[in-house]
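Enquirer: Questions regarding the structure given below will be posed in turn.
Numbering (the numbering used here), first residue to last: 274 to 708.
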């Protein structure tokens, strides 16, 4: 069994979506069940309705959500197992207050040594603290083989007994370890590497079977730093709002740090990521951090947009984007070659189809006004392009750059791009029909 386990504390991060896509594809390859688990244990940070947003986004990426659970529904089991660990001497009550622990951290900082919790502190404040936490007792060094990073070793000196229950609620590591009981492969970001030895220790103490782990390297933004919530492109929701296709985003995330998949996708134009099931191998993803290149994502989206028929684009708009593209396939087939996203296509078509009188350009204002006046003669649009061009040039007295650039702006809304002889046949009926 494989899983995707997001928290409903904010917009779904692009790095989390990467883990979701890879996990789902590998579940198909391994013929294993795939579940979505909403990790809502952080009750103070949970955002109302964010759970629904996450599920809706996953469905947009064609990742099934029919097997999904809330982690909070398992709280009774978490509490029961914490008591089991207490009874077996594998966990203990700790009465240390926040103030006491903070004083110990300050001592460590002054002495320039790392802070480590000491089990001997557990009952120092037993008489004054009525609300103890439960800590899991870490006793040994720990190692595991990561499917991407190789063997990782954690010395006993680096590990400390850690909190598993606070205010009768499980902490992240405790709940996660228990709920991952039946997982065969756990894929997540490398920011979870430090959590893994804790979770393995809990699972070992409970007699659970071993799982394999794969920690994907972090994604870097344009500034070379870890993508944060301040980076708009880190939000999956924002990317979709820009008119990007879910499958473009999915394919790009599979390409990141995986040159074999990138070559397979681009060489074969394999633009349906579900067709790549046989090609995905978790060990082939790079261990190095990778840059998230928004411009490259736009390039990939442009290639996919160009590969789609006008009918497919209209269907996608009607089902998902709701931009209200004009139902003219000839028009879309021409203009799709000039844009990178379906939103850009919408904006370009909107401009192309507004009345000529509304079209402006400061640089060519005089020339555009001359052409506008000439184009009031609707009989010009009865001509084919060559005759139209010749007649309009004679009527306006314009030629060269002073003729073609403003004409292109009138026909397409852009100074550069598609050849005018390709635009004119699909746009002239709209222009001719103006009143």
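All residues carry an ideal CB built from backbone N, CA and C; glycine is no exception.
Using a C-beta cutoff of 8 Å, does residue 676 count as contacting chain C?
Expert: Absent here is chain C; the protein component of the structure consists of one chain.
Enquirer: If I measure Cβ to Cβ from residue 580 and keep anything under 7 Å in the same chain, skipping five residues before and after, which residues do I get?
Expert: Here the set comprises 542, 544.
Enquirer: Counting C-beta neighbours from all protein chains within 10 Å, is the total for residue 378 16 or more, i.e. buried, or is it exposed?
Expert: Flag for residue 378 reads exposed.
Enquirer: If distances are taken between C-alpha atoms only, which option among 466, 386, 556, 435 comes closest to residue 296?
Expert: Residue 296 has its Cα closest to that of 556, out of 466, 386, 556, 435.
Enquirer: Going by other Cβ atoms of all chains shown within 10 Å of its Cβ, with 16 needed for buried, is residue 591 buried or exposed?
Expert: It counts as exposed.
Enquirer: Going by the DSSP bridge assignment, what does residue 499 pair with across the sheet?
Expert: Answer is 493, bridged to residue 499.
Enquirer: Would you mind reading off the limits of the beta strand (DSSP E) that contains residue 295?
Expert: Counting along the chain, residue 295 falls outside any beta strand (DSSP E), though it belongs to the alpha helix (DSSP H) covering 287-303.
Enquirer: Since residue 518 and residue 287 are thought to touch, with beta carbons under 8 Å apart, how far apart are those beta carbons, to the nearest angstrom?
Expert: That belief does not hold up - the Cβ atoms of residue 518 and residue 287 are roughly 15 Å apart, past 8 Å.
Enquirer: Distance check for residue 432 and residue 612, CA to CA, integer angstroms please.
Expert: Each residue's alpha carbon lies about 53 Å from the other.
Enquirer: Taking buried to mean at least 16 other C-beta atoms within 10 Å of its own C-beta, is residue 640 buried or exposed?
Expert: Counting Cβ neighbours within 10 Å, residue 640 comes out buried, since at least 16 surround it.
Enquirer: May I ask you to list the residues that DSSP assigns as paired with residue 419?
Expert: Answer by DSSP bridge pairing, in chain order: 423, 486.
Enquirer: Between which two residues does the beta strand (DSSP E) carrying residue 364 extend?
Expert: Here the beta strand (DSSP E) through residue 364 covers 364-367.
Enquirer: Given a threshold of 16 other Cβ atoms within 10 Å of its Cβ, counted over all protein chains shown, does residue 300 qualify as buried or as exposed?
Expert: Buried, since its Cβ has 16 or more Cβ neighbours within 10 Å.
Enquirer: Verify whether the separation of the beta carbon atoms of residue 490 and residue 553 is less than 8 Å.
Expert: It is not a contact, given that the beta carbons lie outside the stated cut-off.
Enquirer: Mark residue 615 as exposed unless 16 or more other C-beta atoms lie within 10 angstroms of its C-beta, in which case mark it buried.
Expert: Result: buried.
Enquirer: If contacts are defined as beta-carbon pairs under 8 Å, then residue 313 and residue 319 qualify, I think. What distance do you get, rounded to the angstrom?
Expert: Confirmed, Cβ separation roughly 5 Å.
Enquirer: Quick check on this structure: which residue in 284, 310, 277, 586 has the alpha carbon closest to the alpha carbon of residue 512?
Expert: Out of 284, 310, 277, 586, 284 has the C-alpha closest to the C-alpha of residue 512.
Enquirer: Which residues bound the beta strand (DSSP E) around residue 439?
Expert: Run containing residue 439: 435-439, per the beta strand (DSSP E) assignment.
Enquirer: Based on Cα-Cα distance, which residue from 668, 361, 504 lies nearest to residue 652?
Expert: Selected option, being the one with the closest Cα: 668.
Enquirer: If you follow the beta strand (DSSP E) that residue 624 is part of, which residue opens it and which one closes it?
Expert: Counting along the chain, residue 624 falls outside any beta strand (DSSP E), though it belongs to the alpha helix (DSSP H) covering 615-625.
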